[in-house]
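Chains as they are written, first to last, in the working numbering: chain A, 600 to 945; chain B, 600 to 945.
Think of the CB as a built atom: it goes at the ideal place given N, C-alpha and C, for glycine as much as any other residue.
Predicted model only: the values in this text are computed from it and were never measured.
Encoded as structure tokens, the structure appears first; notes follow it.
Structural data, given as structure tokens:
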């Protein structure tokens, strides 16, 4: 049912040129994907950090006003340092990410072999992105590609919106969901005159990490929030769920491929079918995931046992190409048949 | 600087008739406040629970579809019960509130002696309010009173909007902020053509419980989120901050009285002054709170050391009447001079 690309991982950290000579690329993963002028375009999340010195951990953050990079450097033997998580460390009571992410454009004729830009396409700026920008999702609306992404800063984890027509000039449009919110996937057309999106707020007291729906007149102001699906305790998606990329329109309904993680932090991909006219109505949901971390580049990495797709291209012939992060480290791809997925939802 | 009303607490649980003969009123607190037809109106949060039986803890939840009340009843000696918090208990892995809240209208000629309706004005309904509705804030826009409040359910803690023109007929308008979000305070007029509100999302990884600003064209869809103020570690507002009621327009700026809590969960009231035209700009912020739990009805209660104001009436003569929950239990009031507060902000 899943055809992994034979040249996986498609993009590894070593394939990406650091944005500065004193930086190294830690991860190249979780890409947004689109078709543009007959080619496949990825906006790859490139996570960088300063070249590490012996006895220290260091990371980079951007200044909220000037945009300049600042290096945070901490002695590994400092008792005020907690660096047990490969993604996060805490120093003197402040949480930092171990890397600073930006987006890099990668282009392919066949969707498998990508040419990666030598420079960032979109980088962190302003007060809501000082810890970087992460996990682009791309939705084409008329002739414009809307890119939503996670902005991380000491102010929280928010969702921001940007747009481009050509993957050269990008315009940032600000914060569309306040903290904590990520895994936003905007529908590719209006429904009954409104834009729709899936989003993933974080409910602390109850509710957990569930997928919600919101709608908008202008893509910037969102309302009419409704819960769609939550985690199913004990199942493959028992700890959290989150949207993947923009939903695909099928005669049976909006098909959303979503990620779920379980109590072992294994991330898999399943499917959700939503009513075409009332997308808050769930028609069906995967009992079992169709993409499970099984390949070495999914079972190992910065974190083990992760497939996390944020890019999806509808080939128009009944096949979908999924672009996903393997092991929270590298960019991978696979092909699925829409019909196969819909069959599991019956 | 603070003149507490001499008949505090203004409304105690025993003053409120339960909505059903088999229920008891646990708390009557955190009211929204407005002036209407020359009188002062409060929408008091009335927290009820079933009359408790020996050996059991029980609470009520509403059915998301039918709206009917269901009683949840748990043996106190069940090892699957955790009932250490007076507001919350956990039974068989599910969190419940110890009470179900609705809003009750209370009316006063002098703002001090209130006549309390014998029946609820606004009650929980639908999927986002099964655990009740809490902490109304009222903003008058033209001839309509907009009431935002917290909806609690197993789907999360969200902010909902309703409106009324007469405090008799209420219309619910749905969820305006997804989980977790509370302490919403809508500005009483448009600024540069947009509605504005303060809101309090919950940032888990970083950012904490901070006050944010959003704006809207229609009061239902909100965007342009910006962080305003966060907790100040070690200070009186070091753990969390949240807006109180609608900001007051003064020549110096928008005056927002906000609550902060410290590491001992002491809740106090301080002030924030925001730019009249660019309300995301903080002109000044209280170094010290002006309302501190000191009276017996603030130091004791369901939870100790809490003043939590959600109601505010501008008397138009330089004085403000604050209506607040004391000890998370009862409704209290006090009068402050705008000039006194502004002086502390210089």
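Close beta carbons around residue i, own chain, < 7 Å, minus the five adjacent residues each side
i                      : result
residue 739 of chain A : 633, 787
residue 611 of chain B : 627, 929
residue 881 of chain B : 827, 828, 871, 873
residue 837 of chain A : 830, 831, 861, 862
Backbone CA spacing between residue i and residue j [nearest angstrom]
i                      : j                      : result
residue 811 of chain B : residue 845 of chain B : 14 Å
residue 762 of chain A : residue 734 of chain A : 15 Å
residue 827 of chain B : residue 654 of chain B : 47 Å
residue 714 of chain B : residue 616 of chain B : 12 Å
residue 741 of chain A : residue 867 of chain B : 51 Å
residue 822 of chain B : residue 908 of chain A : 27 Å
residue 679 of chain A : residue 706 of chain A : 43 Å
residue 939 of chain A : residue 600 of chain A : 7 Å
residue 878 of chain A : residue 848 of chain A : 11 Å
residue 675 of chain A : residue 656 of chain A : 6 Å
residue 614 of chain A : residue 801 of chain B : 38 Å
residue 804 of chain A : residue 720 of chain B : 27 Å
residue 767 of chain A : residue 716 of chain A : 11 Å
residue 902 of chain B : residue 697 of chain B : 13 Å
residue 923 of chain B : residue 945 of chain A : 54 Å
residue 843 of chain A : residue 906 of chain A : 11 Å
residue 688 of chain A : residue 682 of chain A : 5 Å
residue 619 of chain A : residue 748 of chain A : 23 Å
residue 898 of chain B : residue 859 of chain B : 16 Å
residue 647 of chain A : residue 782 of chain A : 21 Å
Buried versus exposed, by CB contacts within 10 Å (16 or more), residue i
i                      : result
residue 799 of chain A : buried
residue 718 of chain A : exposed
residue 669 of chain A : exposed
residue 780 of chain A : buried
residue 892 of chain B : buried
residue 753 of chain A : buried
residue 728 of chain B : buried
residue 840 of chain A : buried
residue 621 of chain A : exposed
residue 636 of chain A : exposed
residue 855 of chain A : buried
residue 887 of chain A : exposed
residue 703 of chain A : buried
residue 797 of chain A : buried
residue 692 of chain A : exposed
residue 629 of chain B : buried
residue 818 of chain A : buried
residue 915 of chain B : exposed
residue 722 of chain A : buried
residue 764 of chain A : exposed
residue 686 of chain A : exposed
residue 808 of chain A : buried
residue 864 of chain B : exposed
residue 820 of chain A : buried
Sequence-distant residues of its chain with Cβ nearer than 6 Å to residue i (five each side left out)
i                      : result
residue 710 of chain A : 639, 920
residue 771 of chain A : 761
residue 737 of chain A : 631, 633, 744, 746
residue 751 of chain A : 730, 731
residue 913 of chain A : 847, 919
Neighbourhood of residue i by C-beta distance below 8 Å, restricted to the same chain and skipping five residues each side
i                      : result
residue 724 of chain A : 661, 666, 771
residue 602 of chain A : 933, 934, 935
residue 671 of chain B : 657, 658, 659, 660, 690, 695
Any non-hydrogen atom of the ligand GTP within 7 Å of residue i CB
i                      : result
residue 717 of chain B : Annotation note on the ligand GTP: not contained in the displayed structure, which lists no ligands.
Inter-stretch contact (C-beta, 8 Å, three-pair minimum) for the segment 635–643 of chain A and the segment 658–677 of chain A: no
Sufficient close CB pairs (3 or more, under 8 Å) joining the segment 915–935 of chain A to the segment 606–623 of chain A: yes
Looking at chain B, which residues of the segment 753–783 of chain A have a Cβ within less than 8 Å of any of its Cβ atoms? 753, 754, 755, 756, 757, 773, 774, 775, 776, 777, 778, 779, 780
Could you name the residues of the segment 676–700 of chain B whose beta carbon sits closer than 7 Å to any beta carbon of chain A, in the order they occur along the chain? 694
Taking only beta carbons into account, state which residues of the segment 707–718 of chain A come closer than 8 Å to chain B, listed in chain order. none
Residues within the segment 825–852 of chain A neighbouring chain B, beta-carbon criterion of under 9 Å: 825, 826, 829, 832
Scan the segment 863–887 of chain A for residues whose Cβ lies nearer than 9 Å to a Cβ of chain B and list them as they occur along the chain. none
Note down, in chain order, all residues in the segment 784–807 of chain A with a beta-carbon under 8 Å from any beta-carbon belonging to chain B. 798, 800, 801, 802, 803, 804, 805, 806
Near-chain A residues of the segment 637–669 of chain B (beta-carbon distance less than 9 Å), N- to C-terminal order: none
Name the residues in the segment 913–932 of chain A whose C-beta lies less than 7 Å from a C-beta of chain B; which are they? none
Taking only beta carbons into account, state which residues of the segment 720–750 of chain B come closer than 9 Å to chain A, listed in chain order. 726, 727, 730
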